[in-house]
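Using the working numbering, you'd call the opening residue of the sequence shown number 1239 and step up by one each time. Beta carbons are placed, not taken as given, at the ideal position from N, Cα and C, and that holds for glycine. Working notes for the structure below.
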Amino acid sequence: MGVQREPGQGVNWSNIAVGGIMNMFEVTTLGQPLEVIKTQMAANRSQTMFQALSTVWSRGGVLGFYQGLIPWAWIEASTKGAVLMFAASEVESATLGMGIGPGAAGLLGGMTGGIAQAYATMGFTTCMKTVEITRAKTAATGVKPPSTWAVFGDIYRREGLAGVNKGVNAVAVRQCTNWGSRMGFARLAESTIRKIRGAPEGSNLGAVDKILASSVGGALATWNQPIEVIRVEMQSMAKDPKRPAKPTIMNTLSYIYKENGMKGLYRGVTPRIGLGIWQTVCMVSFADYVKAWIKKN
């Protein structure tokens, strides 16, 4: 992932730019629509896929699927992508240099990058994206919801930085398991494809094989969907007297299980599989092509 270090070479600062650009591309294309659908289903766990799609469409047609893109998703993507790519590639390069296999190196790099991006950039932007999407619940009660900026200001006045970073620990757990799994499974799939084709380890794969490996990594990484549902519930602006007054990962998990059972913890997993595949293809496969271009030029 990213521009890998040659022996004796220092830190590859270009990975910061590569990560920001690739994540911006990902979220502006298919990423945000899939994120909106996933969040809609995770926050409204009684809805079917068709009902979730209809609800999102009712917010402005096609534009409804890009709700929260500007500014929050763009701010988040440009910063988290840079942090992820930089941290993950440095750890992956270092561990590969120690003789660790590509799968384990990808796992460690992804976990480190995921944790770094969560605490460095994602707390408040993920919270505000969720506010943008879930405040529609307030509108459903007949009360006009405040603007996202008004909500941001209100949260900051009442709770300070802790308020706008609400759910950041759940985000960190999600990102750690997300990118550790995505990169680990993707690199493992790449190694498996090489073995099947009789190619030596480290040899270049074709575009189809790289996309296939990333798709496998992205799909398998959705095993942690309960963490994502918990994160959405912790950051949701919906008012419910049954919800924990001070949500933590454990009491939110208990609340969701009591309200919706085990199925509730996996709401939104279908669009998230699509999202996971697209994010991994962009940040692993496509990023390798950007890496090759940078090396060449």
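In this structure, Ile1511 sits near Ala1457, with a CB-CB distance shorter than 7 Å. Just measuring C-alpha positions, the residue of Met1488, Gly1348, Lys1480 and Ala1281 sitting nearest Gly1455 is Gly1348.
In the three-state reduction of the DSSP assignment, Ser1492 falls in the helix class, which pools H, G and I.
Comparing alpha carbon positions, the residue from Val1470, Gln1270, Val1528 and Gly1398 closest to Trp1310 is Gln1270. At a Cβ-Cβ threshold of 7 Å, Val1329 and Leu1346 count as neighbours. Leu1443 and Ile1431 do touch by the CB rule: their CB atoms are close to 6 Å apart, below 8 Å. DSSP places Ala1343 within a helical segment (H, G or I) once states are collapsed to three.
Less than 7 Å divides the Cβ of Val1467 from the Cβ of Leu1503.
Taking 7 Å as the cut-off, the Cβ atoms of Val1256 and Phe1303 do not count as close.
In the displayed model, Ser1292 falls within a helix according to three-state DSSP.
Under a 10 Å Cβ-count criterion, Tyr1527 is classified as exposed, with fewer than 16 other Cβ atoms of the shown protein chains found around its own Cβ. Excluding five sequence positions before and after Met1260, the CB atoms of its chain that fall closer than 8 Å to its own CB belong to Gly1319, Met1323, Cys1520, Met1521, Phe1524, Ala1525 and Val1528, given in chain order. Each of Thr1518, Gly1339, Trp1312 and Glu1471 was checked against the Cα of Tyr1495, and the nearest Cα belongs to Glu1471. Across the set Leu1307, Ile1254 and Ala1290, the C-alpha of Leu1307 shows the shortest separation from the C-alpha of Leu1268. Here Met1336 carries a coil assignment [DSSP, helix/strand/coil]. Between Val1321 and Gln1355, the gap from beta carbon to beta carbon is short of 7 Å.
One thing to note: Ala1280 has its Cβ within 7 Å of the Cβ of Arg1505.
In the structure shown, Pro1482 adopts coil according to DSSP, grouped into three states.
Excluding the 5 residues flanking it on each side, Gln1278 has same chain C-beta neighbours closer than 8 Å at Gln1285, Ala1290, Thr1293, Val1294, Ile1371 and Gly1506, in chain order.
A Cβ-Cβ separation of about 5 Å places Gly1405 in contact with Arg1469 under the 8 Å criterion. Uninterrupted beta strand (DSSP E) stretches at least 3 residues long and entirely within the stretch 1389 to 1463 do not occur. Annotation for Trp1387: no residue places its beta carbon closer than 6 Å to its own, counting only its chain and skipping 5 residues before and after. If you draw a straight line from the Cα of Thr1415 to the Cα of Gly1341, it is about 14 Å long.
A buried status is given to Lys1276, since no fewer than 16 other beta-carbon atoms sit within 10 Å of its beta-carbon. For Phe1524, no alpha helix (DSSP H) encloses it, and the DSSP letter there is neither H nor E. With a threshold of 16 other beta carbon atoms within 10 Å, Leu1399 falls short and is exposed. The Cβ neighbour count for Glu1397, taken over all protein chains shown within 10 Å, is under 16; the residue is labelled exposed. The Cβ atoms of Thr1518 and Ala1424 sit closer than 7 Å to each other.
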